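Since the structure comes first, as C-alpha cells, the remarks are kept for the end.
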Amino acid sequence: MSIEIPPGLTELLQGYTVEVLRHRPADLVGFAAEYFTRLRDAREREAAGGGRRVVSFDGEPMQTESNGEEDLFIFTFLLKVVHPKTDEQRCRLQEACKDILLFRNLDQEQLSQVLDAMFERKVKPQEHVIDQGDDGDNFYVIEWGLYDIVVAKDNQARCVGRYDNHGSFGELALLYNTPRAATIVATTEGALWGLDRVTFKRIILKNNAKKRKTYELFIESVPLLKSLEASERMKIVDVIGEKVYQDGERIIAQGDKADSFYIVESGEVKIMIKSKTMTSKEANQEVEIARCRRGQYFGELALVTNKPRAASAYAVGEVKCLVMDVQAFERLLGPCMNIMKRNITHYEEQLVAMFGSSMDLLDPGN
C-alpha cells in the first residue's frame, strides 16, 4: 500500500521540529498544541485581512500592545533554570527581593521559580555591571553595595542617580528588547542577584500580560497620565506593583527619604502635616491638609524636589495603591513633570492658608 504524503506536511513538521530543537520545551504536547493553534489563528487572520504576522519564533519577542500576549506562550514551555543555593543564600536572596515591585504580583509558584533561577554575582569597585547601549542579558537585584547610574549624552557621561544597598535594574532592556539605557558602575564592593533573560521573559512578561489586562483601563483613567502615549502608559503598568494598607496604617512619613510614588486604586488616603510654625505643643500634632481618592496620586513632591517627605499619608479604611519606585518614576514620568511641578504652587497656597507659611513644604525635615 502506497501512502501519499499530503502537500505541505513535510514543511509543517520541519518547522515544528526546528522550534522544538531550538527551544527544548519541557512539555512537548503542550508546546505542539500551542504552536499549531497559533499557526492556525495566524492563517485565519491573514485570510481575513487582519494584517498580523504569521507565527515566528525568530529572535526574541517584544511585549507590545499588538503581540505581547501571543508571543509570550513560547516561554511557558522552556526548561526551567535552577541555580542551587544554600539555605543561607536563599534567605539572603528572599530578603533582597521582598520589596522588588516586579515580583510583588507573582504567585508563590512563580516567585519560587524566579528565586530558583537567580544567581549570585559579587562585584568590585569600579566594575561595570551593565553598559549603556549593550543588549540586555540579565535583570539584577541589589543585595548590598553602592552603584552609580551613569548616562552618556553628547559625548559626556553624567551620574544621574545612585542605588544605595537596595533596588533593582536592567528590566527595561528585557521588557522591550531595547539597548541598555544607562551604565551601572559599582563604587564599592557589593553583591547582586541576577535573573537571566529567558526566565525573566517566561515569568515576568507572562505575569505582565495579566497585569496589563487588570490595570490598563484604570491607568487610562488617571488624569495625570492622560498626556502620555498608550505605549508609555503600558510601560508604567509593567513596572508598578500593588500594595494594600489597612485602616490607620501609615503609608509614608513626613521627613523620610522618598523612594516611591503612589496612585490610589481604591479607598481613601489622608495627607497629614506637622507645622514648625505652631507652638511646641501643637507641633507634635498632625493636621489633615488633603485627601486622595481613586485615580489621585501622592508621594510625588519629594521625588520632584529631591527633598524629604513634606507630609505623612495614612489609609482611611482599606486602601489599595499602585506603587512605582523612584527609578521608574524618573524614567517614565518625565512628560508629566510639569503638571506635578505646577501642583507644588497649589500645595504652598494650602500651607499658607492653614499655617501662614509654606516653609514646611520647602524644608520638611525641620
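So in our numbering the end of the sequence shown lands on 948, straight run, no missing numbers. Every residue gets a Cβ at the ideal spot worked out from N, C-alpha and C, and that includes glycine. Please read all numbers here as calculations on a predicted model, not as lab measurements.
### Query
Where does the unbroken beta strand (DSSP E) through SER813 begin, and where does it stop?
Premise fails: SER813 lies in the alpha helix (DSSP H), 812 to 821, not in any beta strand (DSSP E).
### Query
In this structure, what does DSSP give as the bridge partners for GLN738?
LYS735
### Message
With a threshold of 6 Å on Cβ separation, who are the neighbours of VAL826 within its own chain once the five nearest residues in sequence on each side are excluded?
### Response
LYS902
### Message
Let me make sure I understand the geometry here. Which of HIS605, GLY597 and VAL767 has the alpha-carbon closest to that of ARG784?
### Response
HIS605
### Query
For VAL637, is the classification buried or exposed, using 16 other Cβ atoms within 10 angstroms of its Cβ as the cut-off for buried?
Confidence is the limiting factor: at VAL637 the pLDDT is only 41, short of 50, which leaves the residue's position unreliable, though a coordinate-based value still follows. By the neighbour-count rule (16 or more Cβ atoms within 10 Å), VAL637 is buried.
### Task
Flag this pair as yes or no: are the beta carbons of SER842 and MET906 separated by less than 8 Å?
yes
### Task
Would you kindly check if the distance between the Cβ of VAL711 and the Cβ of ILE766 is under 8 Å?
yes
### Message
Rounded to whole angstroms, what is the Cα-Cα separation between VAL733 and VAL898?
### Response
41 Å
### Task
Throw me the rounded Cβ distance for the CYS874 and VAL908 pair, which I believe falls under 8 Å.
Going by Cβ atoms, the distance from CYS874 to VAL908 rounds to 19 Å, so no, they are not a contact pair.
### Message
I'd like the list of long-range same chain contacts for PHE911, defined as Cβ closer than 6 Å, with 5 residues on each side in sequence excluded.
### Response
PHE843 and LEU885
### Message
Once DSSP output is grouped into helix, strand and coil, what is the label at ASP698?
### Response
helix
### Query
If you count every other CB in all the chains shown that lies within 10 Å of the CB of ASP839, and 16 or more means buried, which is it?
Contrary to the premise, residue 839 reads as Lys rather than Asp in this sequence. Exposed: under 16 other Cβ atoms inside 10 Å.
### Query
Do you know offhand how far ILE853's Cα is from TYR896's?
7 Å
### Task
Kindly list the residues whose CB is nearer than 6 Å to the CB of CYS741, restricted to its own chain and excluding five residues on each side of it in sequence; keep chain order.
ASP730 and VAL732
### Task
Give the range of the beta strand (DSSP E) segment to which ALA755 is assigned.
No beta strand (DSSP E) contains ALA755, which is instead part of the alpha helix (DSSP H) from 753 to 758.
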